[in-house]
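This report refers to the structure that appears directly beneath it.
Number of protein chains: 2
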Amino acid sequence: MKKFVYSFGDGSAEGSASMKETLGGKGANLAEMCNLGLPVPPGFTITTEVCVDYYKEGKKTPAALKDQVSEALKKIEDKIGAKFGDATNPLLVSVRSGARVSMPGMMDTVLNLGLNDQTVEGLAKKSGNERFAWDSYRRFIQMYSDVVLGVDHYIFEEIIDSIKDGAGVSLDTELNINHLKELVKTFKAKVQEELGRPFPTDVNEQLWGGVMAVFDSWMSNRAIAYRKIHEIGDNWGTAVNIQSMVFGNMGDTSATGVAFTRNPSTGAKELYGEYLVNAQGEDVVAGIRTPQSITKKAREESDSDLPSMEEVMPNVYKQFIDTCKKLESHYRDMQDIEFTVQDNKLWMLQTRGGKRTAAAALKIAVDLVNEGLISQEEALKRIDPSALDQLLHPSLDPKAPKKVIAKGLPASPGAASGGAVFSAEEAEDAKARGKDVILVRIETSPEDISGMHAAKGILTARGGMTSHAAVVARGMGKCCVSGTGTLKIDYKAKQFTVGEHTVKAGDIITINGTTGEVMLGKVPTTQPNLSGDFAEVMKWADSVRTLKVRANAETSLDAETARKFGAEGIGLCRTEHMFFDQDRIISMREMILAEDEEGRRKALSKLQPMQREDFISIFNIMGDFPVTIRLLDPPLHEFLPHSEEEMAEVAKASGVNIEKLRHRAATLKESNPMLGHRGCRLGITYPEIYEMQARAIFEAARETGAKPEIMIPLVFGKKELSILKNVIDKAHKSVAPKVEYLLGTMIELPRAALKAGEIADVAEFFSFGTNDLTQTTMGISRDDSAGFIDDYKSKGIVEHDPFAVLDVEGVGELIKIAAERGRATRKDIKLGICGEHGGNPASINFCQQVGLDYVSCSPYRVPIARLAAAQAAINAKIEKKKAA
Amino acid sequence: MKKFVYSFGDGSAEGSASMKETLGGKGANLAEMCNLGLPVPPGFTITTEVCVDYYKEGKKTPAALKDQVSEALKKIEDKIGAKFGDATNPLLVSVRSGARVSMPGMMDTVLNLGLNDQTVEGLAKKSGNERFAWDSYRRFIQMYSDVVLGVDHYIFEEIIDSIKDGAGVSLDTELNINHLKELVKTFKAKVQEELGRPFPTDVNEQLWGGVMAVFDSWMSNRAIAYRKIHEIGDNWGTAVNIQSMVFGNMGDTSATGVAFTRNPSTGAKELYGEYLVNAQGEDVVAGIRTPQSITKKAREESDSDLPSMEEVMPNVYKQFIDTCKKLESHYRDMQDIEFTVQDNKLWMLQTRGGKRTAAAALKIAVDLVNEGLISQEEALKRIDPSALDQLLHPSLDPKAPKKVIAKGLPASPGAASGGAVFSAEEAEDAKARGKDVILVRIETSPEDISGMHAAKGILTARGGMTSHAAVVARGMGKCCVSGTGTLKIDYKAKQFTVGEHTVKAGDIITINGTTGEVMLGKVPTTQPNLSGDFAEVMKWADSVRTLKVRANAETSLDAETARKFGAEGIGLCRTEHMFFDQDRIISMREMILAEDEEGRRKALSKLQPMQREDFISIFNIMGDFPVTIRLLDPPLHEFLPHSEEEMAEVAKASGVNIEKLRHRAATLKESNPMLGHRGCRLGITYPEIYEMQARAIFEAARETGAKPEIMIPLVFGKKELSILKNVIDKAHKSVAPKVEYLLGTMIELPRAALKAGEIADVAEFFSFGTNDLTQTTMGISRDDSAGFIDDYKSKGIVEHDPFAVLDVEGVGELIKIAAERGRATRKDIKLGICGEHGGNPASINFCQQVGLDYVSCSPYRVPIARLAAAQAAINAKIEKKKAA
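One line per chain: the protein sequences are L and D, in this order. Read left to right, the first sequence gives residues 1 to 884 (the numbering used here). Read left to right, the second sequence gives residues 1001 to 1884 (the numbering used here).
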């Protein structure tokens, strides 16, 4: 017969820590603690499989369950020497849920189960403590009614408050036996009134009610929502843990508490926890009484009057400290522990890996390695790369008050405060005057780049996580909140309104790009501090990983940041960003408005020396590291003014006929610019542009000794590349024939992926432009996905925003095809990725699997990518071992 | 040694008609005529390979060529009994180019080669006709100087004119011997003056000069341009034909002429041609004298005074008629023939398949089948399906004078005249007043549909062959000229200017959608006449093809047209086109502006009965044929007004707050609508829309007994389809549970093609939306491709506009993948194509190869698709036989 129930207690258990899938995290760890010989109240775990079955079979449990539970209950009775439901010597139990991972929204705990009007008397007599017995009884009714029967808990709190008022006391512990008996009576009457049926007195009914409540809580809306967000399968199910009660509320020799074996904020090696004397578990969390420190040191540091456990119960404290050490060295990680002291005896109720901040994660990892508890690889595997982001940007002081007025998308992490400005020019002006500003735009365009540079942060009303604003801000390491749909921005009035609030130009606001919050006024921030632990972990990561990590960078500042964060080259240097500077855009527009090739060449010849200087500067910063330069990519209309007002301005400034300007702008306008006249298509129609850029690159390379990698965007076949190779080779021969260079291409269109075999005849490297490849493969414009992507996520159509996490099944198949076909033609072709996904850990793991040579991401994500690449390498090693 | 030269003459030849690749069309057919025993002046052909080598080796010919030519020349001398360059008995030759297909821009002919001051005397003596000899000499110098030496021909014409003036005569034939001698002298002096060197007197120098001139003409600009347009490989090369001269200019018993064995305009079985007495070939073409009819009947019909060849040379005529019959029955096709009569003896100079109109092609095919010359399959293979288009639309009277002021893209065939109007409303008003109008727009949008319906034709300044205007116009069978970039349209002034011309509202213009021409005034048109031959050929096609042919249709008129043209169902019924009618758009906008689902449902409930009636009408017209209905596809902003003016109008008409309207329009605005919130994404976010449409379909099906096929657009995976299947199933259960229906999806995104295996779990059919699949696979917006697609074609990056002819290598691979994976999951899944490519013959052939079940195209292309499908089936049979 199938085993649905696993018993534990008295120094042994049927389960173990390795059985989390079957027993849930809590159950597996309870079993493990028993096996370690730690004092755990005996009990048993009903497997997750029963829960899965429960839902499969229309909320029915397997027939065999009842007998197995009875048997396991019998074992507890034998161990404890008490009997469930017995009027004179009653066994009480707790019922707790326990999925593979801990999950808010699931049923937490029912304590003291097994009490009724008979057993309460038995408990009173047996314990010799009538008050304790009735306190336990009223707690049980309160908890069970709330958690299992669904009677709102505030109803009971009101009753307690009114009885306390009547008695003239303020603490629960001040209530006497009669008060408690009255509470029980009133509670039961209230339950009858609310539900139209009495509170269950049969202990078995109570037990099964508790078990079913755990199963039902698996499908509570909150649990479902949590699973959606954290990508936990609905089909995992939860286990149920039933355990004999131990009582922290048996008087002043009893207590209950929670502790971390190390400081979860800083990672310091010091016990960190709280306890309450004469209390049950929920009291610590509920905040009814002020918890006390466990260690004397902590009590002193917090300047508390309340004695520490170390001082009050030195023996138990010593035993607890030993237990903590034992658990930490057994699990080889910082533990989050729950315990109860019953009449000076310590009982362990839970242990699990403790949640921690990114800084703590680094410190603990380094310390555990130094303590010899774990290997470097193990340490690397435990750190969430994405969490490093917290360390690399300023963050809001978590203790500061704040007034959140809107919430957008957390488009680029970090936080910043400043006066609101509504145009790039104002941002630049304000910066020149030494003011901090937040640039507020409906959406940004390449023309706003200098304003974005000048601003402390960027706030937009439209656009997703990979909109222009988001991508550029991340590249700059500036915080950005995008797609804040509730914002109504009025450029003319220079203000925005959101709900009842109006923010005018100059009003100070704060944005948090890590959460998407928009706040009124200035909220204090704290600066990042890259400690020695960070550097240490990065060193380990670098020694393990096989993927190279490069950065996407186009300015000297970007390049310097990239090197600071450990980038091993530039994977994407977007040349167009160099054309938006005030002095360059004029020549660029002159080029666009030229009537013929000669006119274009004239304008380009003005841009060429500037481009050359840009490249010289970048080559010098990057030294021997490779620099991949992408030739002009965006459609030309992005460089022209859009509004009539701007048009008039530009016409005046550049002396061009406004009618001509208007006509050219109208001609260049596109319905779907993403799929328009851009990328290599510009090079095909205006070869002189790419020729100028190639010249600038070669001249810079000649001067600096760099070996540039020239990258052609948006090809869909070999021929475009061959034609443009001729253009570039011509420039090469005439400028710097002795400069070595590589020619490669972006693979960013499905057709390019399919034709990669032929393309590799010409291309010496591929760089997967996964932003555009995702847009075209899935047919989703990243700038327009806001209207439906949330629905797509909530309905399970996509697991993640495909612009944040690579769509492995679709886009990934094309990458695999391209890598295979490319390698079949050119065995040593260099393969990299330079889309936004290059900085996403899950996507980096995929890049490792496909065997790419490098990933490239925004400079501020380089450390994340380095760590993720190390994890990917470790995963690959494990997979290889498994396969062998 | 490699054979570079193939001889022919005297009833035998080294080559044959099957060797066109080596000998060119002309050379192969000359050999074939020799083999048939027809009188062909002896000669030889230098192979195309020599030309290919000539360019490979930097304009050098193979060493062995000279000897092979000498040998072949010797053979001619032996056959003729004359000697090349001999002063007393000279052999003269002609030199002609001859590629695989005939090609304008290539060197045509040099006649009389081998004459100089010595040989002309020999010719005079030998022929006993001094005038003939000197006439030949002056012709040779004139032709050779023009064609080989590059001296402009008008220089010689001026000299002839001045000598004629001096002599007081008007025809060349009136010049006497002295005049001709003087001409020769003056010509030679002129050549010396122009080139600084004398006209070559060495006959071998003459010969090789002619051969090289043929090779050089292969790379003339005109030839290159022609090959680009007609997709002829630059690497084919041309052959050179050298043939002993026969003379049509030896007096009144000599003549030269051209003829078609049937009438190339009508296809009628009657000899159709012209000849000139005492002339050489170029005289017929040059139009110096009026050519005469060959047959008496034709002479009588044309009411000519000049006698026919039948009357003047009855014996030669009879021989010629016999030869024509022989050639036609040998080649089993209508022939285009050149001949010369020398002193009452007939010589054949060329035969080839004759070009013909579409109507003639049909008649000739039917006649040849009836005459037992060819099989039905052979007849089907010979008709160019695209040419049928000429027959299905009104066309311009080719004889009418016309004033072309601009040229756009031939977006939808046919021709129409009418007053220019600049808005859809004006078009409707004008139609209501009984006026014919041409709708002139910068570009069209779905709001213009009713105006497009009302207009006779559509003219746009922007947009390609597959722009909105083009696609909709083709669907309606209306002519359309799109992308006429030179047009400057001023909506406010209600006029457009192009160059010096200004066309105001109401001015009559004519557009020719078959050529892209825009003309001032009314040019008369002729109506299509679908003759019995058309029906006959269609019947044969239907009996051969295995692909079904459906139509894309959404109105009753479309559906009726589709059936008239033989469609076997509707493959794409776009439901959104039903929402643009004046009375419906109001409810549609109400739906878009609604605050919540309830508001949307209210508006939808007004649209539902109208949709139901649409479907009832279409189901009734289509009877038992399948109808595939695509649920709402375009983004919602397409239904909102765009300009401030329209916005105000709509706000007023519908009583909506303009501020709200503006805000909603701004919120819905998209950067790349093609990749935006459209297709099934609308169904996911607003299921009530699809539910309403499904209800309307099921109610209509219940009433008519139809078995509808419901199609979901723009899925990229299985999940969207599953979710929407639930929505549709719900509507089905509540409305018409007994109505049978199929649920399927468009495959129009690369990811959908890759995930087709999973999608087929739910989808009962796939319809390849190759427009969008091409856009996403290649990353090209069809509305924005005009800026570069011509460059892409001219540089050989794409062979065709990928929106006209399916990109087999890229998009095609995805279709293959999807078909395979779909069938692997669901063996009998129905596969079709409903993009524009469904009406393109080359693409239809691909559909046959991949094994699709049907193609669907605009109603007016259904006959083309039927014929193309027949050809594809025949091709498949041949391939299968080859493979076996």
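Just so it is clear, CB atoms sit at the ideal spot from N, CA and C, and this is done for glycine as well.
- Three or more beta-carbon pairs separated by less than 8 Å are not found between the region 1381-1397 of chain D and the region 1546-1560 of chain D, which leaves the two stretches without contact.
- Nearest to D:A1064 by C-alpha distance, out of D:L1852, D:A1031, D:I1046, D:P1410, is D:I1046.
- If you keep only unbroken beta strand (DSSP E) runs of at least 3 residues inside the region 462-491 of chain L, you get 479-482, 488-490.
- Annotated as distal: L:A760 and L:R695, with beta-carbon spacing of 9 Å or more.
- For D:A1416, the enclosing beta strand (DSSP E) covers residues 1415-1421.
- Annotation for L:G9: the continuous beta strand (DSSP E) segment containing it runs 5-9.
- Residue range 1255-1260 is occupied by the beta strand (DSSP E) that includes D:A1255, with no alpha helix (DSSP H) assigned at that position.
- Contact residues of the region 650-671 of chain L toward chain D are E670, S671 (C-beta to C-beta distance below 7 Å).
- Interface with chain D (9 Å Cβ-Cβ cutoff): L:D807 is included.
- For D:Q1775, at least one C-beta of chain L is nearer than 9 Å to its own C-beta.
- If the five residues before and after L:I689 are omitted, its C-beta is found closer than 7 Å to the C-beta atoms of L604, L632, L682, G683, all from its own chain and listed in chain order.
- Collapsing the DSSP output to three states places L:L754 in a helix.
- L:E799: not part of any beta strand (DSSP E); DSSP gives it neither H nor E.
- Within the region 696-717 of chain L, those residues whose Cβ lies closer than 8 Å to any Cβ of chain D are, in chain order, L714, F716, G717.
- Put simply, the region 1123-1134 of chain D does not touch the region 1062-1079 of chain D. Fewer than three CB pairs are less than 8 Å apart.
- Sorting D:G1513, D:L1276, D:Y1272, D:G1233 by C-alpha distance to the C-alpha of D:M1250 places D:L1276 at the top.
- In this structure D:I1442 touches D:R1462 by the C-beta definition: roughly 6 Å separates them, less than 8 Å.
- Here the alpha carbon of D:E1720 sits roughly 16 Å from the alpha carbon of L:D807.
- In terms of CA proximity to L:I629, L:A551 leads the group L:V341, L:R866, L:A551.
- Boundaries of the beta strand (DSSP E) harbouring D:Y1275: 1272-1277, taken from the DSSP string.
- Using a CB distance below 9 Å, no part of the region 1578-1600 of chain D faces chain L.
- Segment contact: the region 1051-1071 of chain D against the region 1234-1250 of chain D, three or more CB-CB distances shorter than 8 Å; contact assigned.
- Going by beta carbons, D:T1770 and D:V1811 fall inside the 9 Å limit.
- Between L:I658 and L:A666, the C-beta gap is not smaller than 9 Å, which leaves the two residues out of contact.
- Only residues of its own chain outside the window of five on either side were considered, and among them E1517, M1519 have a CB closer than 6 Å to the CB of D:V1404, listed in chain order.
- For L:S785, the nearest CB of chain D lies under 9 Å from its own CB, placing it at the interface with that chain.
- At a cut-off of 9 Å between C-beta atoms, D:I1689 does not count as an interface residue with respect to chain L.
- Under the three-state reduction of DSSP, D:N1840 is assigned to coil, being neither helix nor strand.
- Interface residue (Cβ-Cβ distance to chain L less than 9 Å): D:K1020 is not classified as such.
- Distance from the CA of L:C324 to the CA of D:G1676, rounded to the nearest whole angstrom, comes to 55 Å.
- Contact note: D:G1354 does not reach chain L at a C-beta cutoff of 8 Å; the least C-beta distance is about 36 Å.
- In this structure, the alpha-carbon of D:V1069 lies about 13 Å from that of D:G1210.
- Rounded to whole angstroms, D:M1245 and D:L1092 show a C-alpha spacing of 5 Å.
- Against chain L, the CB of D:F1788 has a partner CB under 9 Å away; the residue lies at that interface.
- Here L:G418 is buried, its C-beta having at least 16 other C-beta atoms within 10 Å.
- Relative to D:K1564, the option among D:F1199, D:S1858, D:L1113 whose CA is nearest is D:S1858.
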